[in-house]
Structure formats: C-alpha cells, structure tokens
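Residues in the sequence shown are numbered from 12 upward in steps of one, following my numbering.
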Amino acid sequence: MPVVNAKLMREAMIKADKEETFVASHCEEKSVATGAINKGEVAEKLGVEGVLPEAEEIMAAREIVISETNKIRGHICHISTKTSVAMIRDAKKRGVKITCETCPHYYSFTVKEVLESGTNAKMNPPLREEEDKLAIIKGLQDGTIDAIITDHAPHSEEEKQKPLSQAPNGIIGFETALAASITNLIEPKHIGYLDLVRLTSYTPAQLLKLETKGQIKEGYDADITIFDSNIEYVYEKESIVSKSKNTPFIGKKLKGKVMYTIVGGRIVYEK
C-alpha cells in the first residue's frame with residue numbers, strides 16, 4: 012500500500028534521512044489506480060478495467076519533489092513505466108538524491124503476457140507496453156535504475172484461479188531472477204555479468220548498508236550463487252521449489268541454471 016498523505020511521507024523521508032537511511036516508496040496514486048492490468052488494448056480485449064500508468068508516475072513525481080526540495084534521500088520501488096524512468100533520469104542529472112529499482116518481469120514481459128499466463132502475469136505495478144519494457148532496459152544500461160529486486164509475492168493456486176479482476180497481485184521471483192536476467196539482459200547484450208552483479212547484489216547491499224553483504228571478500232558473509240550460464244531449459248511447474256507456483260515464466264525457455272546456493276557458508280540448495 013502507498014503512503015497516501017504527502018505530509019506524512021515528507022516527514023518520514025526527512026526523519027529517515029536524518030537517520031542516514033531512506034523510505035522505500037511503493038508509488039501508487041490510488042485515485043487513478045483502479046483496475047486489474049495495464050490500461051490499453053489487452054485490458055479492453057479481456058473486458059477488465061485498466062490501471063493507468065499515471066498511478067505510478069504521479070506518486071513517483073511526488074517523491075522526487077520531496078527529495079529535491081528538502082535535499083534528502085528517496086527511493087522508489089519496482090518502477091515499470093517509461094515516464095518513471097525518464098523522471099528519475101532527469102532528477103539524477105540535477106543531483107537529486109533519488110534511487111530506484113525494477114524487477115525481472117518488467118524487462119522480460121509486456122502486458123500481452125496476460126493473454127498467455129492469465130493471473131500468473133498479474134502484479135502491481137502491472138506489466139506494461141513494449142516501449143516501457145525497452146525504457147526499463149535503457150534505464151538499467153545507463154545507471155538510472157540502481158537495483159534489480161524480485162518483488163517475490165507467493166500466492167496459492169486457489170487465490171490465483173479467481174477471475175482476473177479479483178485475483179491477488181504478485182508473482183514468485185526468487186527462482187527465476189537469475190535466469191530471467193541472463194536470458195533477457197545478458198544474452199541480448201544489454202548489460203554484462205559485472206553489471207548484473209552490481210544491480211542484484213553489490214548496490215542493494217550498499218543502499219541498505221549491509222556491511223558484510225554484496226561482495227566476495229574476506230570477512231564478508233559467504234552468500235554465493237554458483238551457476239552454469241550455458242544451460243538452456245524450459246521452466247516447468249514441476250521443477251519449482253517454492254510451495255507457490257504463481258509465475259508467468261512457466262513454460263518459458265530460459266538460460267542459466269543455479270547449481271549451488273550458499274548462505275553464510277552453508278550449502279542450502281544443490282541441483
């Protein structure tokens with residue numbers, strides 16, 4: 012849920028900045044956010060109300076203004092539109108202390124995926140249009156977007172089997188984050204592996220001041236993913252480790268397979 016009251020958000024951001032941290036804002040102007048998926052042809056075809064992109068952008072603009080006017084830090088969660096990217100890019104050029112993140116589904120899919128995956132492609136913010144997807148990729152390339160996060164949101168099949176307008180938002184993201192990024196960012200040569208490490212590990216640790224995370228270094232926690240970047244496979248529902256199976260990546264061809272996951276020096280997953 013967003014912080015609706017601008018006065019409250021301003022006060023929170025100022026107080027957080029004094030504590031040398033930040034408020035991470037879910038940007039959603041509720042007055043224009045009603046709907047199931049992104050507003051446009053797909054929503055019309057399916058006969059559901061569409062969510063205006065402005066729902067995200069209006070509140071993102073608010074956080075940028077608060078950050079710039081008060082010369083304080085601000086952070087915008089899971090951006091998904093070309094206008095959000097453009098506003099944040101322009102703000103950073105002016106020296107505004109604003110950071111942001113996006114998710115693998117926003118550079119892997121467009122709203123058309125709803126036609127194939129149904130409610131498993133319903134999330135908030137919703138999947139957008141091709142031009143938005145391309146803007147997200149550009150934002151990752153030029154440093155506008157600081158981090159990639161999963162926005163992992165497990166739901167039961169019973170919940171997701173509800174009609175599109177009633178089913179809950181969200182998809183699982185842990186198990187596909189690496190492969191989706193290799194498939195849709197590395198393979199098309201949008202970014203390199205060092206960029207991916209920076210976006211998914213190093214920068215998030217820096218932003219959150221996790222002093223023993225984000226690097227392979229003596230004295231740091233041994234949190235390591237070992238993967239084979241050459242393995243290609245179709246992501247099957249039966250292979251999902253999570254109890255929840257709500258993801259549009261089911262049935263998709265992916266590249267890059269996790270072989271080991273090490274947390275704190277202990278192997279917690281082995282293929």
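The beta-carbon is built from N, C-alpha and C at its ideal position, and this holds for glycine as well.
Since Lys108 and Ser78 should fall inside the 8 Å C-beta cutoff, what is the C-beta to C-beta distance between them, to a whole number of angstroms?
One-based indexing of the sequence shown puts residue 108 at position 97. One-based indexing of the sequence shown puts residue 78 at position 67. Contact holds; Cβ gap of about 6 Å.
Using the beta-carbon count (16 or more within 10 Å), is Tyr118 buried or exposed?
Here residue 118 refers to the residue found at position 107 of the sequence shown. Under this definition Tyr118 is a buried residue.
If Thr155 sits next to Gly184, beta carbons under 8 Å apart, how far is it from one beta carbon to the other, in whole angstroms?
What you label residue 155 is simply residue 144 of the sequence shown in a count that begins at 1. What you label residue 184 is simply residue 173 of the sequence shown in a count that begins at 1. About 21 Å separates the two Cβ atoms, so there is no contact after all.
By Cβ distance, which residues of its chain are closer than 8 Å to Leu175, with the 5 residues on each side in sequence left out?
Within the sequence shown, numbered from 1, the residue matching residue 175 stands at position 164. Hits under 8 Å: Ala47, Ile48, Leu57, Val59, Val125, Gly129, Thr130, Lys133.
Taking 8 Å as the cut-off, does the stretch 32-44 touch the stretch 66-77 (at least 3 CB pairs, one atom from each stretch)?
yes
Sort out for me which residues DSSP pairs Gly85 with in a bridge.
Here the question's residue 85 lines up with position 74 in the sequence shown. For Gly85, which the question treats as bridged, DSSP gives the partners Ile109.
Indicate whether the contact test is met: 3 or more Cβ pairs, each with one atom in the stretch 254-272 and one in the stretch 231-246, closer than 8 Å.
yes
Secondary structure, beta strand (DSSP E): runs of 3+ residues fully inside the stretch 191-275:
235-245, 264-274, all fully within the stretch 191-275.
Considering Val279, what are the terminal residues of the beta strand (DSSP E) in which it resides?
In the sequence shown, residue 279 corresponds to position 268, counting from 1. Here the beta strand (DSSP E) through Val279 covers 277-281.
Could you say which of Asn81, Thr80, Val96 lies nearest to Ile87 if we only look at CA atoms?
Residue numbering aside, residue 87 sits at position 76 when the sequence shown is read from its first letter. Comparing alpha-carbon positions, the option among Asn81, Thr80, Val96 lying closest to Ile87 turns out to be Val96.
If we ignore side chains and look at the alpha-carbon of each, how far apart do Leu205 and Glu140 end up?
Along the sequence shown, one-based indexing puts residue 205 at 194. Along the sequence shown, one-based indexing puts residue 140 at 129. One C-alpha to the other measures close to 28 Å.
For a minimum of 3 consecutive residues, which ranges assigned as the beta strand (DSSP E) are wholly contained in the stretch 109-158?
109-113
What is the rounded straight-line gap between the Cα of Ala44 and the Cα of Leu210?
Working through the sequence shown from its first residue, we reach residue 44 at position 33. Working through the sequence shown from its first residue, we reach residue 210 at position 199. Those two C-alpha atoms are separated by around 29 Å.
Quick one: using the 10 Å Cβ neighbour count with 16 as the cut-off for buried, is Arg21 buried or exposed?
Within the sequence shown, numbered from 1, the residue matching residue 21 stands at position 10. Looking at its Cβ environment, which holds 16 or more other Cβ atoms inside 10 Å, Arg21 is buried.
So Ile25 is in the alpha helix (DSSP H); what residue range does that whole segment cover?
Position 14 of the sequence shown holds residue 25. Counting along the chain, the alpha helix (DSSP H) containing Ile25 begins and ends at 17-29.
Taking Val53 as part of the alpha helix (DSSP H), name the residues at either end of that continuous run.
Residue numbering aside, residue 53 sits at position 42 when the sequence shown is read from its first letter. Residues 52-57.
What are the residues that DSSP puts in a beta bridge with Gly61?
Within the sequence shown, residue 61 is the residue found at index 50, counting from 1. Partner(s): Ile48.
Could you spell out the range, first to last residue, of the alpha helix (DSSP H) harbouring Glu7?
As displayed, the chain neither begins before 12 nor continues past 282, which places residue 7 out of reach and without an answer.
Tell me, which residues are paired with Ser36 by DSSP?
Here the question's residue 36 lines up with position 25 in the sequence shown. In the DSSP output, where bridge partners are listed per residue, Ser36 has Ile87.
Does Thr187 pass the burial test, meaning 16 or more other C-beta atoms within 10 Å, or should it be called exposed?
As a first step, residue 187 must be located in the sequence shown, where it is residue number 176. The residue is buried, with at least 16 neighbouring Cβ atoms inside 10 Å.
Does the beta-carbon of Leu189 have 16 or more other beta-carbons within 10 angstroms, so that it is buried, or is it exposed?
Reading the sequence shown from its first residue, position 178 is the one you call residue 189. Per the 10 Å Cβ criterion, buried.
Pick from Lys254, Phe238, Leu219 that is closest to Glu281, judged by C-alpha positions
Translated into positions along the sequence shown, residue 281 becomes position 270. That would be Phe238, whose Cα lies nearest to the Cα of Glu281.
Provide the residue span of the alpha helix (DSSP H) that contains Asp162, from first to last.
Against the sequence shown, residue 162 aligns to sequence position 151. Counting along the chain, Asp162 falls outside any alpha helix (DSSP H), and DSSP gives it neither H nor E.
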